[in-house]
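Numbering (my numbering), first residue to last: -18 to 296. Glycine is no exception: its CB is placed at the ideal position from the N, C-alpha and C atoms. Taking it in order: structure first as structure tokens, then the write-up.
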Amino acid sequence: AENLSALMVTYPSTHGVYESAIKDITKIIHDNGGQVYMDGANMNAQVGLTNPGNIGADVCHLNLHKTFAIPHGGGGPGVGPICVAKQLAPFLPSNPVIKTGGDNAITAISAAPFGSALVCLISYGYIKMLGAEGLKASTEIAILNANYIKHRLQGAFETLYSGERGRAAHEMIIDCRPFKAHGIEVTDIAKRLMDYGFHSPTVSFPVAGTMMIEPTESESKAEMDRFCDAMISIRKEIDALTKEDENNPLKNAPHTLDMLTNDEWLLPYSREKAAYPLEYVKENKFWPSVRRVNDAYGDRNLICTCAPIEEYMEA
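Structural data, given as structure tokens:
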């Protein structure tokens, strides 16, 4: 207890499981003088069913881009409202110009007193339009969708973690590591999905060699079925390979428009197998324009694409 400050926990866990002992965990922390910080990344599996306060959290940030309708990345600045329990409210950060914190406020943590406050209006509108029942239904459908995909992929892909009743939360992790016996890595599966018209789900997080699937409440059953059909088809492609079969549709994926329309075709399988692995792909084909880049090299070797510094000096 002397060395305990706080516990940070994600609920449900990033493994896609509701931790059944979460209240016991938070009680142990509180009994020993600590506080509990809950990562709100998975609120999509909580809203309307439970809440951070009920679980025993003292602090929680809400990832608006995950649960409350805010675009992720290129859609604008991110914002994560911080919710705190009553005993921590006096310590919320203040601002030298506009008073925002409590009586014992810490110093400012952002240039603007309320951060990117206007972003919150979008989330507010989303919450008002859905209402309590709509928000609860969104959570229930997100959980249902994840478990539907989990059920459909049984026998083709093993789910790495399940809850006590064999179910997932709003996301699950499928294990792609066994396919190394066929010479296939999770990246190969991700790239092959592009030929089927899908951008891959999260790869190698939170476990290396796995794929994390999080359908949310937004996808239709027809779209999820197309995704499952693609994954099952890819599994059949893997089963047909040996470790020596390096020139195959997965290792060569994605197959770009330039490749498929080139006069030369030197691969040991047909253009149709490369471009149209399932019939439904013909209805609305996505044509990849880039094959593969060396992701690890790019991450470690930054290349500046701006003009040379001399040009700026002359200006």
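Tell me residue i's beta-bridge partners as DSSP assigns them.
i	result
Gly29	According to DSSP, which records beta bridges pairwise, Gly29 is partnered with nothing at all.
Leu43	Gly21
Asp156	Glu139 and Thr191
Thr183	Met193
Ile63	His42
Would you mind working out which of the options sits nearest residue i, comparing C-alpha positions?
i	options	result
Ser181	Met24, Phe208, Ile3 and Ala70	Phe208
Ala22	Pro71, Ala123, Ile79 and His42	His42
Leu102	Gln135, Leu116, Cys64 and Ala50	Ala50
Thr(-5)	Lys254, Gln16 and Pro187	Pro187
Ser201	Leu238, Ser119 and Ala162	Ser119
Val40	Gly29, Pro71, Gly59 and Leu30	Pro71
Asn265	Tyr293, Glu227, Pro159 and Phe179	Phe179
Ala203	Phe138, Arg133 and Gln68	Arg133
Ser270	Leu241, Asn282 and Pro289	Leu241
Ile9	Leu(-12), Met24, Gly(-3) and Ile219	Leu(-12)
Leu(-15)	Asn13, Asn282, Phe267 and Asn243	Asn13
Gly15	Asn228, Ser1 and Leu69	Leu69
Pro235	Asp226, Lys254, Asp244 and Glu225	Lys254
Cys157	Asp220, Ile284 and Gly96	Asp220
Thr31	Gly96, Ala162 and Ala113	Ala113
Asn282	Val274, Met294 and Asp244	Val274
Gly190	Met24, Pro159 and Glu218	Pro159
Gln135	Arg216, Met110 and Gly82	Arg216
Leu299	Thr48, Tyr278 and Val(-10)	Here the chain comprises residues numbered -18 to 296, so residue 299 is not present and cannot be evaluated.
Glu(-17)	His11, Gly(-3) and Val(-10)	His11
Go to residue i, then tell me how far its beta strand (DSSP E) extends in each direction, as first and last residue.
i	result
Met19	Gln16 to Gly21
Thr(-9)	Ala(-13) to Thr(-9)
Since I believe residue j is in contact with residue i (beta carbons under 8 Å), could you give me their beta-carbon distance rounded to a whole number of angstroms?
i	j	result
Tyr142	Ile154	6 Å
Leu222	Gly164	7 Å
Thr183	Met175	Not really, about 15 Å apart at Cβ, beyond 8 Å.
Pro74	Ala86	6 Å
Arg173	Pro230	6 Å
Glu139	Ile194	With 8 Å as the limit, Glu139 and Ile194 do not qualify as a contact, their Cβ atoms being about 13 Å apart.
Ile122	Glu198	4 Å
Grab the span of the alpha helix (DSSP H) containing residue i for me, first residue to last.
i	result
Cys101	Ala98 to Arg133
Cys209	Lys202 to Asp220
Ile6	Ile3 to Asp12
Glu145	Careful: Glu145 lies outside any alpha helix (DSSP H) and carries neither H nor E.
Val274	First-last for Val274: undefined, no H or E at that position.
Ala255	Arg252 to Ala256
Tyr293	Ile290 to Glu295
Val167	Val167 to Asp176
Asp244	Where Asp244 is concerned, there is no enclosing alpha helix (DSSP H), given that its DSSP letter is neither H nor E.
Below 7 Å CB to CB, which residues in the same chain sit around residue i once its five sequence neighbours on both sides are set aside?
i	result
Met205	Asn126, Tyr129, Ile130 and Pro196
Leu259	Tyr177, Asp210, Ala211 and Ser214
Asn233	Leu248
Tyr250	Pro230
Pro77	Ala89
His53	His46
Val167	Cys157, Val184, Ser185, Gly190, Thr191 and Met192
Quick one: does residue i have its CB under 8 Å from some CB of chain B?
i	result
Ile6	Judged by its chain identifiers, the structure shown contains no chain B, having just a single protein chain.
Quick one: residues in its chain with C-beta nearer than 6 Å to the C-beta of residue i, no 5 flanking neighbours on either side, listed in chain order?
i	result
Thr7	Val17 and Gly37
Val28	Leu116 and Thr120
Ala171	Ser181 and Val184
Tyr257	Lys263
Val65	Val40
Leu45	Ile51, Val60 and Ser104
Pro62	Leu43
Ile79	Pro94
Gly96	Val60
Asp20	Thr(-9)
Who are the near neighbours of residue i in its chain, counting only those whose CB is closer than 8 Å to its CB and skipping five residues on each side?
i	result
Lys4	Ile36 and Gly37
Tyr(-1)	Tyr(-8), Pro(-7), Ala26, Gly144 and Ala150
Gly34	Ala66
Ser1	Gly144 and Glu145
Thr237	Trp268, Pro269, Ser270, Val271 and Arg272
Thr88	Pro74 and Ser75
Tyr261	Arg207 and Asp210
Lys224	Ala162, His163 and Gly164
Glu227	Gly164
Glu218	Arg173, Asn229, Pro230, Leu231 and Pro258
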